[in-house]
Amino acid sequence: MKNQSNKESVRGTGNSAALCKLSSVQKGYYADPFIQYFVQKKEKVEPIMNRGFYMRVHAMDRLISQFLNANSESSEGVQIIQLGGGKDTTFWRLRLSGENEVVNKLVWYEIDFPRTIQEKLRIISRVPKLQEPIVGWPNKVLKKTSKGAELHSPDYHLICGDLRKTEDLHNSLQEHGVNFEIPTLFISECVLVYVEPNSADKLLGYITETFKLPFLVMYEPTNPLDNFGKQMMTNLSKMGCPLLAIEQYNSIESQIKRFKKIGFNYVDVKNMKLLWDTLGKWEPENVDGQKERSRVIRLEWFDELEEWNMIMSHYFVLWAAKNDQISQEKFIKIFGL
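End of the sequence shown sits at 337 in our numbering; the numbers just go up one at a time, nothing left out.
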């Protein structure tokens, strides 16, 4: 019963994230015309959260874009597999941007709890804008399974699954056309930290053992041992969302060791404070980074600098790959912040 309660609480964090992303968009931090459809009740969000979610989305978007650019010449296209997609809208934003020809050859998979998938399908069914890029909607793509309805179009899949059950996960991916030989990016945004370490590591090991060219980006909290980290842990536990993996992997250094031991030969991590401090230096070449930093700073009155620095130092972005065909030097150039 407790496990079910925790599962529902973790699902609730997806609703909170969608609310914060919508607020950040409405304040002008970044553009996302789709997130509005995934928030039922609008609430006031503090500036520190608006800016924090901008940084979270901005960093993840940059790494996804780098993955697409680095593999733009893949003759068989590329895949993105989102672990616990929740109410994320990246699939639609990519389709809208058309930033890269490889997007037209991209197949997107999301794996999440059945209730989350059902909720996302209900939202899509009510919003024509969300249906537009889904080829064959609705008759040819909605499928009934023993776990609930799923969506399977040529380039977008919503799969009911439990990330702790890698055998079932493999069967579902195989059944729905995943190509284990082509470049594949896995996205984990505040997901694996809620999974028991052994189960999370088993999933990561499955990825490195089964996929020929796996890439991964992960956004998670860290540093649970100082006073701020202990309070963060307490608050989330009271909400029914214990961070099950954070004690075993409690630092950036331990995360690097973890991913290398599991089989990723290229791993790098930066905490969000460093990324904020260097915002403007890791932008794409066609973006004036200093202007972007100035723009963000001017958006809202902001006097919570000490708390901001503390929060940002307790989150990180990790990017990793397994590829024996490129050098460390080339990996750093094509993939990283």
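For each residue, glycine too, the CB sits at the ideal point set by N, CA and C. Model, not experiment: these values are computed from the prediction.
*Report buried or exposed for lysine 21, applying the criterion of at least 16 other Cβ atoms within 10 angstroms of its Cβ.*
Along the sequence shown, read from residue 1 onward, the residue named residue 21 stands at position 21. Buried, since its Cβ has 16 or more Cβ neighbours within 10 Å.
*asked:* Does lysine 2 pass the burial test, meaning 16 or more other C-beta atoms within 10 Å, or should it be called exposed?
replied: Counted from its first residue, the sequence shown places residue 2 at position 2. Residue placement at lysine 2 is flagged as unreliable, the pLDDT there being 49, under the threshold of 50; the coordinate-derived value follows with that caveat. Lysine 2 is exposed by the Cβ-count criterion.
*Backbone secondary structure at asparagine 265 - three-state DSSP*: To locate residue 265, count along the sequence shown from 1; it is residue 265. Reduced to three states, the DSSP call for asparagine 265 is coil.
*State the Cα-Cα distance for the pair valine 38 and alanine 17, rounded to the nearest angstrom.*
In the sequence shown, the residue the question calls residue 38 occupies position 38. In the sequence shown, the residue the question calls residue 17 occupies position 17. Per the sequence shown, the amino acid found at residue 38 is phenylalanine instead of valine. One C-alpha to the other measures close to 10 Å.
_Closer than 8 Å is the cut-off here; do at least three beta carbon pairs connect the region 104–114 with the region 196–211?_
no
*Pairwise C-alpha distance: serine 199 and lysine 260*: The residue labelled residue 260 in the question sits at position 260 within the sequence shown. The residue labelled residue 199 in the question sits at position 199 within the sequence shown. Each residue's alpha carbon lies about 17 Å from the other.
_For phenylalanine 316 and serine 188, what's the separation of their Cα atoms in angstroms?_
Mapped onto the sequence shown, residue 316 falls at position 316. Mapped onto the sequence shown, residue 188 falls at position 188. Approximately 12 Å between the Cα atoms of the pair.
_Backbone secondary structure at serine 5 - three-state DSSP_ = By one-based count along the sequence shown, residue 5 stands at place 5. Residue confidence for serine 5 is low, a pLDDT of 48 falling below 50, so the modelled location carries little weight; the figure read from the coordinates is stated next. Helix at serine 5.
*Find out if the Cβ-Cβ distance for the pair lysine 143, proline 33 is shorter than 9 Å.*
Counting from 1 along the sequence shown, the entry for residue 143 is found at position 143. Counting from 1 along the sequence shown, the entry for residue 33 is found at position 33. Proline 33 is positioned such that its CB atom lies no closer than 9 Å to that of lysine 143.
_Contacts around serine 5, its chain only, beta-carbon distance under 6 Å, and the 5 residues preceding and following it disregarded_ = Here the question's residue 5 lines up with position 5 in the sequence shown. Annotation note: pLDDT 48 at serine 5 (below 50); position unreliable, no value reported.
_Considering only their Cβ atoms, is the gap separating glutamate 110 from glycine 148 smaller than 9 Å?_
Working through the sequence shown from its first residue, we reach residue 148 at position 148. Working through the sequence shown from its first residue, we reach residue 110 at position 110. Going by C-beta atoms, glycine 148 is not nearer than 9 Å to glutamate 110.
*Take the Cβ of proline 284 as the centre, count every other Cβ of all protein chains shown within 10 Å, and call the residue buried at 16 or more, exposed below.*
Position 284 of the sequence shown, counted from the start, is the residue given in the question as residue 284. A residue is called buried once 16 or more other Cβ atoms fall within 10 Å of its Cβ, and proline 284, having fewer, is exposed.
*Could you give the DSSP three-state label for lysine 291: helix, strand or coil?*
Residue 291 sits at position 291 when you count from the first residue of the sequence shown. Of the three classes helix, strand and coil, the one that applies to lysine 291 here is helix, per DSSP.
_Rounding to the nearest angstrom, what Cα-Cα distance links lysine 44 and aspartate 88 in this structure?_
Counted from its first residue, the sequence shown places residue 44 at position 44. Counted from its first residue, the sequence shown places residue 88 at position 88. Cα to Cα, the separation comes out at about 20 Å.
*Go to proline 371, then tell me how far its alpha helix (DSSP H) extends in each direction, as first and last residue.*
The first residue shown for the chain is 1 and the last is 337, placing residue 371 beyond what the model contains.
*Quick one: measure Cβ to Cβ for glutamate 300 and lysine 27, integer angstroms, because I've assumed they're closer than 8 Å.*
Indexing the sequence shown from 1 puts residue 300 at position 300. Indexing the sequence shown from 1 puts residue 27 at position 27. The C-beta distance from glutamate 300 to lysine 27 rounds to 6 Å, short enough to fall under 8 Å.
_Taking the straight line between their C-alpha atoms, what separation do you get for aspartate 155 and isoleucine 80?_
As a position in the sequence shown, residue 155 is number 155, starting the count at 1. As a position in the sequence shown, residue 80 is number 80, starting the count at 1. Aspartate 155 and isoleucine 80: Cα-Cα distance of roughly 10 Å.
*Under 9 Å between the Cβ atoms of proline 133 and arginine 164?*
One-based indexing of the sequence shown puts residue 133 at position 133. One-based indexing of the sequence shown puts residue 164 at position 164. Contact flag unset, no.
*asked:* Pop quiz: leucine 274 and valine 193 are said to be a contact at Cβ under 8 Å. What is the actual Cβ separation, rounded to whole angstroms?
replied: Residue 274 sits at position 274 when you count from the first residue of the sequence shown. Residue 193 sits at position 193 when you count from the first residue of the sequence shown. Not quite, the Cβ-Cβ distance comes to about 19 Å (not below 8 Å), so this is no contact.
*Measure the alpha-carbon distance for tryptophan 92 versus alanine 31 and round it to whole angstroms.*
Within the sequence shown, the letter at position 92 stands for residue 92. Within the sequence shown, the letter at position 31 stands for residue 31. If I take the Cα positions, the gap works out to 12 Å.
*Which partner residues does alanine 149 have in the DSSP bridge list?*
For this step, residue 149 is matched to residue 149 along the sequence shown. Lys144, per the DSSP bridge assignment.
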